[in-house]
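Here is the structure we will look at.
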Amino acid sequence: MIRKSTILKSLTALVMSALSTTAVQAEVLVPIDQFLANTTRHYEANQYKTSYTVYVPQTELQGNAIVLNPAAVGEPVKLPTTSKNGITYVDIESDPAMLGVSYTKVNGQLTLGPAPQASTVKAPYTMQTPLSWAFDPWPTQGTPYQAKLNSSGDNIISPSWFKLHSLGLEASPNVSIDYVNDYKSKGYHVWPLITNRFDPGFTSGILADQSVWKKYAHNLVQYAYIYGFDGYNFDFENIDYADRDRLTAFVAYLSNHLHQYNIKTSIDVTGYSDSPEWSLVYNRSAFANSVDYVVLMAYDETWAKSTTAGPVASYPWVRNHTEKMLSEVPSQKLVLGVPFYMRLWHDTNGYAKGETLAMKNTGSYFANYKDKMTWDDRLKLYYLSIPTSYGSDRIWFEDNTSLGLKLDLVKELQLGGFAAWRKGFEDESTIAMIQGKDLGRGIPKSPTAVVPEPVVEETKPLTKLEQYKLRLEEKEKAKAAKAEAKRKAKEEKELAKRKAKEEAEQAKAEKKRQVEEAKAEKKRLEEEAKAQKERDAQEAKNTIASYKSHGSVQNTTTKNELTKSVQVVKR
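Just so we're aligned: the sequence shown equals residues -26 to -1, 1 to 545 in mature numbering (1 follows the signal peptide of the UniProt record, and there is no 0).
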């Protein structure tokens, strides 16, 4: 339907703000009612009309043009709204065409019209390393950073805004254009985090369904262009080892599609371990060929559910895993993940239960237990053990000293930067320390230094024999993964059995000790009672003897006095 153009005067705001690059970001704010009256996109509102969703057609690239076919499948995008002086506006600046409108500005007046049939691909750009990066899982909480984390290279903020869903991409209701514009005005790139829910069963299903991959890819492009995201971070964890190859292909597919639109990609990986679901499932070298950055989550050395207390990120452990990963990932692509947290371990007879302790909440420990803290020069951190009624509380501290030493690895190993988990766990002193760090000099920006995209070979249909062989290989992989999982489960069961036996023996020994202590205490009390009884008897005996002695003297005196009286009478 063709609508008449609408001239927006006083109700439309145009606000300009500088970005970290030489480009300029502008807000073009259109009142919600006038936007809805002009958009060519189908839209829906929630019950209270406080949130709107528009359905944007899947796009097709034709050279440098993004073709928007109204007849194509529409993917849902939360409308980028903002409120000013009680009025709700739609920010259409980033890509009005995808939102179903166009605008022109003449002599300060904005004219709103129908959408063109094509948009333009963003210009390519190269990130300046080393990166300073923070993950923000709760973007509606706390105060946004007021300045860059470090000026050595580009800065990135990653709000947790997206989850994979079996029907497509699931966006958080907290996706906010205000958040994006605020951070961009301070020189940050906004790369939202996407999670697989850490659900192996769900992940296996979506990895086997390539039709949903297309929906994810198109929707991510739409959100990036409408909100002005510069990239994305893939946080895919706890995945069946049998899905390793599918995961690798899935990441490559998403990354290749996003790269065509000049959108950056990154993926988080754990350190090395023998866990099929949490470590072995990652093909790190393949990821390095498909994404722009690989983030090594160099924390959870001792994970949250461990029953043995230990540090979150000791220096030797972090350095070892980083150096090992450099054999698979180029240094300028490897980003070192660092923690803004540690764990407080409640330890009872060697059985520990941990709870997360943010760096900003450790002040009382340094104030009250400074004399009891010891610096472990091998682990490069402070250690504290506090006696308790149940055993002890133990902490391997992450503070500005230990964190600073790990950040020094960025310069020493010429890494692509650092990424901190998570915003809100640090305090101002930590931010100041990071801002003062020399992280080295990485890849400089240059209009011609564009990161080359991976070559994607066109795949030919498999023959029946090849399909049969592939199924056999997948069955063998699944069988091997099942055997590995069974072996691991058996080991864990045996370990749990041994631990239960040890705990039972400890409990038995403790009970025996308590019984012996009770017997000893009873004997001591009985002996004390007996001694007291003997003392009481002796005191009573002494009292009687004293009384008898005193009574005999009195009788003798009385008899003598009586005799004298009789004699007087006789006279």
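Cβ coordinates follow ideal geometry from the N, Cα and C atoms, glycine included.
Outcome for residue i when other beta-carbon atoms lying within 10 angstroms are tallied against a minimum of 16
i	result
Y521	exposed
E67	buried
Q184	exposed
R218	buried
P113	buried
I349	The sequence shown places Trp at residue 349, not Ile. Exposed, by the Cβ-count rule.
Y63	buried
P147	exposed
A283	buried
T362	exposed
R487	exposed
V250	Residue 250 is actually Pro in this sequence, not Val. By the 10 Å Cβ count, P250 comes out buried.
K279	exposed
A198	buried
D412	exposed
A511	exposed
E1	buried
D248	exposed
P31	buried
V80	exposed
residue 547	Here the chain comprises residues numbered -26 to 545, so residue 547 is not present and cannot be evaluated.
I241	buried
N323	exposed
T78	exposed
Length of the line joining the Cα atoms of residue i and residue j
i	j	result
N230	D321	48 Å
A341	D351	21 Å
T85	A19	25 Å
L318	R15	52 Å
Y289	D401	21 Å
L141	V225	18 Å
G337	K344	10 Å
N257	T222	7 Å
V186	I180	7 Å
K515	E500	22 Å
R461	E484	34 Å
Y162	K475	54 Å
I131	N193	20 Å
T(-5)	F136	Per-residue confidence for T(-5) stands at a pLDDT of 31, beneath the threshold of 50, marking its modelled position as unreliable; no derived number is given.
G175	Y339	42 Å
A494	S359	31 Å
F399	V51	31 Å
N335	I151	31 Å
W370	R220	38 Å
L300	T276	22 Å
Of the residues the options, the one placed nearest residue i, counting alpha carbons only
i	options	result
A216	S178, L138, N516	S178
V164	K122, K188, Y364, L181	K122
Y99	T296, K504, I168, N236	N236
Y58	P5, E34, M271	For the sequence presented, residue 58 should be read as Lys rather than Tyr. Selected option, being the one with the closest Cα: P5.
Q196	M72, K354, Q388	M72
P418	T24, P44, T103	T103
M271	Y315, D412, T348, A283	Y315
S366	E386, T336, G328, D373	G328
N263	L308, Q506, T117	L308
F392	V75, S106, I40	S106
D173	P313, N374, N212	N212
A287	Q480, N124, T375, N155	T375
P285	L53, L353, A481	L353
S253	F210, A182, Q234	F210
T117	A145, G82, Y157, S93	Y157
P304	Y364, L387, E491, K23	L387
M407	V384, D373, L389	D373
L310	P90, A108, T24	A108
E477	E297, Y325, A260, K449	Y325
Integer-rounded CB distance, given that residue j should sit under 8 Å from residue i
i	j	result
G127	G416	6 Å
F208	T244	13 Å between Cβ atoms; not a contact.
T27	Y17	6 Å
V312	Y273	7 Å
A404	L381	In the sequence as presented, Ala is not what sits at residue 404; that position holds Thr. No, T404 and L381 are not in contact; Cβ-Cβ is about 11 Å, not under 8 Å.
T56	L3	7 Å
Residue-chain proximity (residue i, chain C), Cβ-Cβ < 8 Å
i	result
N170	The structure shown contains no chain C; it holds only a single protein chain.
Alpha helix (DSSP H) runs contained entirely in the region 57 to 85, provided each spans 4 or more residues:
The region 57 to 85 contains these whole alpha helix (DSSP H) runs: 70 to 73.
What are the start and end residues of each continuous beta strand (DSSP E) run of 3 or more residues lying completely inside the region 242 to 297, in chain order?
If we require 3 residues or more, the beta strand (DSSP E) runs fully inside the region 242 to 297 come out as 267 to 271.
Could you tell me which uninterrupted beta strand (DSSP E) segments, each at least 3 residues in length, are contained entirely in the region 213 to 245, listed from first to last along the chain?
For the region 213 to 245, whole beta strand (DSSP E) runs of length 3 or above, ordered along the chain, are 238 to 243.
Ignoring anything shorter than 4 residues or poking outside the region 149 to 221, list the alpha helix (DSSP H) runs there in chain order.
If you keep only unbroken alpha helix (DSSP H) runs of at least 4 residues inside the region 149 to 221, you get 151 to 159, 174 to 181, 184 to 201.
Hey, which unbroken runs of the alpha helix (DSSP H) at 4 residues or more fall wholly within the region 382 to 414?
Runs found: 402 to 409.
Going residue by residue through the region 325 to 362, where are the continuous beta strand (DSSP E) segments of at least 3 residues, counting only ones entirely within it?
As for any beta strand (DSSP E) of minimum length 3 sitting wholly inside the region 325 to 362, the runs are 325 to 332, 348 to 350, 355 to 361, ordered along the chain.
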